[in-house]
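Residue numbers (the numbering used here), protein chains in the order written: chain Y, 49 to 370; chain C, 57 to 290; chain A, 2 to 285.
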Amino acid sequence: MTARHAMLAILLAALATLPQVVAPYFMHLLIQILLWGFVYTSWSIMGRFGFVSLGHGAFMGVGAYVPALLWNYFGVTPWIGIPLGISLAVVLALVIGYPCFRLKVVGHYFALVTLALGQVVMLSIVAARDVTGGSLGFTPKAVGYSWFALQFPQKVYFYVIALALWFGGLAVWYWVDRGIGREALDAISEDEEAAATIGINVIREKLRVTVISAALTALGGAIYGQYMMYLNPETVSGIAVSLQIVFAAIVGGTYTALGPTVGALLTISLNEGLRVAFGTNFIGAANTIYGVLLVLFIIFMPRGIVGMIEDATKRGWRIKPL
Amino acid sequence: MLSLAGISAGYGSFQVLFDVSLEVPRGEAVGVIGPNGAGKTTLMRVISGLVQLQTGGISLEGRRIERLPPHRIVEQGIAHVPENRRLFSRLSVEDNLRIGAYMPRARQDCAKQLERVYDLFSRLKDRRQQLAGTLSGGEQQMCAIGRALMSNPKLLLMDEPSAGLAPLVVAQVFDLVHRIRSDGLTVLIVEQNVQQVLDVVDRAYLLEVGKIKLAGTSAELKGNDFIRKSYMGL
Amino acid sequence: MDIYLLEAILNGILLGGVLALLALGLNLIFGVIDVVWIAYADLVMCGMYLIYYLYAEFNWPFLLACVAAIAFVGVLGILVHVMIIAPILGTAPINQLLATGGLLFFLQSFATLLFGTDFRNIGVRLPIIRFDSIYISSARLLAFTVAVAGAVALYFFLKRTFVGTAIRAIAQDRDIVGLMGVDQRHIYLVTSAIGGALAGLAACLLILQYDVHPFIGNTFGPLIFMICVLGGLGDMIGGFVAAFLMSQIIAIGGYYFSTELSYVFAFTFFIVLMFLRPHGVLSR
């Protein structure tokens, strides 16, 4: 155990000193990886049990827009705005989740309903263009360095916030993983009816994990908005974001804690790499590659990269001693 | 006409049949009897191609057919009436019958075969537009048999035709088998109802726990002490 | 009744035609193969782009371009099945959703790469017909008529032909159709081709009314899914009815509010109906 603790300590120390040594550009990338990693992990908290949502963009969008709108129009501090955004996302999750779970809307049906939800949220944001700026996007009022407004020009602050969020996300993941609900959820994803007959409150368990996932995603959206200081319905809600979340989580590996983060690493690096290589010449190149990769991964590596490594080590791929 | 040699088959690592061999001479009716779980249905499914065998060979009129997919086996002239009928319950009786003639070779004769089947089963003709799921058990069995006959097969496989049917209806079904036989059709029947099936077949095999335990003419088996005690309650 | 409301209702019925056609295609594929092509609306987009280029850029006659599109998307349907669905048929159902989701990603982005994000219009202006003070676009009327004709043709195909009957049979009991001489794989391919062809036909009808751009699938895709779930996934008649129901909600909602908000209404209606009738509007 001490070896593990030592490794952890070194890792923490490294993470702490990073801001001093790393250029702002890489800081920016790192924050993105941490934030998106957090969002992808939040998705996988329910995705890993087979409750595949294709509409998490809805929660992210709500979480991002609510505090920003409240700040610009009413001067409400994000410290209040963000919890309100999260609450709205939770309400959405309940409103969709309850009828679905109560009426055994699962699998295909559930995925399609969430897909529709994601679109509807995006369409609503666009429709309310007088308030939200529609497809042109929305810019929160900048006030420089302010704890009240949760705005910090220096990236370090967001780095720490993103780091905390990322750790928090992993902590929740482990909490769900090790908690007493975990076996219930496994049972539910295996055979819902059988689970119900042995007394598992299927609806409550599913709602619980959906709400957690939605709330965390909304939080991620909120912080993302605060960091980027610009919101666009396409980037924080809608089908593209929802699928991007699913893609990254699947490719990284939904069944492990770090899988989604690996997915974030992959998607962000790919995005940056393409941007650097092609500039704005090939808009859509990144997503085209995502699409192809997602299909290939589903066919050949449904458990994702981390999952595949896990399987390999379980089966004992050891380097033979000479 | 049909011969099975050394068939071993199962589902994954779960083996059901162990080195089964049997012969079905042309024009005869052969029965396979045995208790639940003996592997009778698996045997049928291996012949019709629904289940892949592990070892052994199946020949129809000298041609090896064990590696063919189900729809090819139908083309070879074998029709399988599945266990539990397996009708398409939301299709009409007539549609169920017509789909039996799906095979290209059978399509041209569809109308003719349909008339033949309706002659055999007048009750089906009365109910031709009714949804198959609304028929009684006996009518469903007739429909399933009729469906199999639509492809004008040389060999008819019947999997437990009496299952779930009232005794009076069972008698009717076996009566039917008799009539089909006299048209010259070769039949292989798998059955739990030993008394009835031995009255209608020429020879039979006893299958227990995946192995052939006894074989002989129906008269021989009817007189066999073991069979009389274990399967006929005498 | 307010004459403009009547106009909206009529437009709603006409809009329902193409939606119903797409719902039929999606339900057909789901009923037979048990998969939902998340990227179905994007196949329509591909068809629309083909017609645009053939007609507006290469000056093909419009009808010929349409025929080409129907064939093209039919082939796309086969490719989707062979390359994406068939390899993962035995695995968890969610995989097929994710795989076709990846296809959606791919199609939309690839189209962006090839054609850019501009809206393109084929420049065909069909006349507006006037009934009293109601104005109906003849393009929409034509689309409705053709769509319904297509649906009827599909109905007769399924009812009267051997292949059609086999398709109906396989949707009920996949495992034993082989015993009737039906090649399961062959039926899957035929179904995929028909599903694609229906999408191609829808493309012909939509290009007459709307501009094409890479993300046009997002405007009606989720709507089609809602319609199919509302009508009961795999239930062709239910989907047909639900399409007209939904299109009415959108037309009337759009009349009183804005188009985007009408979608919100449609979705709310959908959620409410799920509370009331979880297995589809026509649950038996």
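Think of the CB as a built atom: it goes at the ideal place given N, C-alpha and C, for glycine as much as any other residue.
My output table needs one value for residue i: the three-state DSSP class, helix, strand or coil.
| i | result |
| --- | --- |
| Lys-368 (chain Y) | Because the pLDDT of Lys-368 (chain Y) is 37, which lies under 50, any placement of that residue in the model is unreliable, and the question is left without a value. |
| Arg-285 (chain A) | Reliability fails at Arg-285 (chain A), whose pLDDT of 44 lies under 50, so the model's placement of it is uncertain and no value is given. |
| Val-88 (chain C) | strand |
| Asn-76 (chain Y) | It is worth fixing the name first, because residue 76 (chain Y) is His in this sequence and not Asn. Three-state result, His-76 (chain Y): helix. |
| Asp-215 (chain C) | strand |
| Arg-128 (chain C) | helix |
| Gly-220 (chain C) | coil |
| Ser-69 (chain C) | coil |
| Asp-332 (chain A) | Missing from the structure shown is residue 332 (chain A); chain A here goes from 2 to 285 and no further. |
| Phe-177 (chain C) | coil |
| Val-294 (chain Y) | helix |
| Leu-206 (chain A) | helix |
| Phe-258 (chain A) | coil |
| Ala-176 (chain Y) | coil |
| Leu-56 (chain Y) | helix |
| Asp-239 (chain C) | coil |
| Phe-59 (chain A) | coil |
| Val-220 (chain Y) | helix |
| Gly-93 (chain C) | coil |
| Arg-172 (chain C) | helix |
| Ser-193 (chain A) | helix |
| Asp-176 (chain A) | coil |
| Ala-71 (chain Y) | coil |
| Ile-375 (chain Y) | Coverage of chain Y is limited to positions 49 through 370, which leaves residue 375 (chain Y) absent and any answer about it impossible. |
Quick one: what's residue i bridged to in DSSP?
| i | result |
| --- | --- |
| Phe-132 (chain A) | A:Ile-135 |
| Ser-194 (chain Y) | Y:Gln-199 |
| Leu-297 (chain C) | This structure cannot speak to residue 297 (chain C), because chain C is shown only from 57 to 290. |
| Ile-134 (chain C) | C:Leu-211 |
| Ser-115 (chain C) | C:Ser-59, C:Arg-120 |
| Leu-78 (chain C) | C:Leu-60 |
| Arg-121 (chain A) | A:Val-213 |
| Leu-279 (chain Y) | Y:Phe-186 |
Looking at the unbroken alpha helix (DSSP H) that takes in residue i, where does it start and where does it end?
| i | result |
| --- | --- |
| Phe-99 (chain Y) | Per DSSP, Phe-99 (chain Y) belongs to no alpha helix (DSSP H) and is neither H nor E. |
| Asp-312 (chain C) | Look at the range of chain C in this structure, 57 to 290, and you will see that residue 312 (chain C) is not part of it. |
| Ile-225 (chain A) | 218-232 |
| Leu-114 (chain A) | 94-116 |
| Leu-142 (chain Y) | 126-150 |
| Pro-160 (chain C) | 160-163 |
| His-82 (chain A) | Per DSSP, His-82 (chain A) belongs to no alpha helix (DSSP H) and is neither H nor E. |
| Phe-348 (chain Y) | 333-348 |
| Tyr-275 (chain Y) | 250-276 |
| Thr-302 (chain Y) | It is not in any alpha helix (DSSP H) - Thr-302 (chain Y) carries neither H nor E in the DSSP assignment. |
| Asp-35 (chain A) | Counting along the chain, Asp-35 (chain A) falls outside any alpha helix (DSSP H), and DSSP gives it neither H nor E. |
| Arg-142 (chain C) | Run containing Arg-142 (chain C): none; DSSP gives neither H nor E here. |
| Leu-254 (chain C) | 250-256 |
| Leu-44 (chain A) | 41-52 |
| Ser-285 (chain Y) | Element bounds for Ser-285 (chain Y): n/a, residue is neither H nor E. |
| Ile-236 (chain Y) | 229-238 |
Which two residues bound the contiguous beta strand (DSSP E) that contains residue i?
| i | result |
| --- | --- |
| Gln-196 (chain C) | Taken as a continuous stretch (DSSP letters only), Gln-196 (chain C) belongs to no beta strand (DSSP E), being part of the alpha helix (DSSP H) at 193-205. |
| Arg-247 (chain C) | The identity of residue 247 (chain C) in the sequence shown is Glu, whereas the question assumes Arg. Element bounds for Glu-247 (chain C): 242-247. |
| Gly-105 (chain C) | Neither: Gly-105 (chain C) is in no beta strand (DSSP E) and is coded neither H nor E. |
Check whether the Cβ of residue i lies closer than 8 Å to any heavy atom of the ligand ATP, and answer yes or no.
| i | result |
| --- | --- |
| Ile-347 (chain Y) | The model depicted lacks the ligand ATP and carries no ligand whatsoever. |
Q | Start-end ranges of the alpha helix (DSSP H) lying completely within the segment 258-290 of chain C, minimum 4 residues | A | 274-279, 281-287
**Q.** Residues of the segment 329-351 of chain Y whose Cβ lies closer than 7 Å to any Cβ of chain A, in chain order
**A.** Phe-330, Ile-331, Gly-332, Ala-333, Asn-335, Thr-336, Tyr-338, Gly-339, Val-340, Leu-342, Val-343, Ile-346, Ile-347, Pro-350
Q: Would you list, in chain order, the members of the segment 54-79 of chain Y that have their beta-carbon closer than 7 Å to a beta-carbon of chain A?
A: none
Q.
Restricting to runs no shorter than 4 residues, where is the alpha helix (DSSP H) found entirely within the segment 138-165 of chain A?
A. 139-161
Q | Residues of the segment 97-115 of chain A with Cβ closer than 9 Å to any Cβ of chain Y, in chain order | A | Gln-97, Leu-98, Leu-99, Ala-100, Thr-101, Gly-102, Gly-103, Leu-104, Leu-105, Phe-106, Phe-107, Leu-108, Gln-109, Ser-110, Phe-111, Ala-112, Thr-113, Leu-114, Leu-115
**Q.** Near-chain C residues of the segment 75-94 of chain A - C-beta to any C-beta below 8 Å
**A.** none
Q | Against chain Y: residues of the segment 213-246 of chain A by CB proximity under 7 Å | A | Asn-219, Pro-223, Phe-226, Met-227, Val-230, Leu-234
Q) Of the residues that make up the segment 87-107 of chain C, which ones have a beta carbon closer than 8 Å to any beta carbon in chain A? A) Ser-104, Gly-105, Leu-106
Q. Using Cβ-Cβ distances below 7 Å, what residues of the segment 18-43 of chain A are close to chain Y?
A. Val-37
Q | Residues from the segment 125-137 of chain C in contact with chain A, defined by Cβ distance under 7 Å | A | Pro-125, Pro-126, His-127, Val-130, Glu-131, His-136
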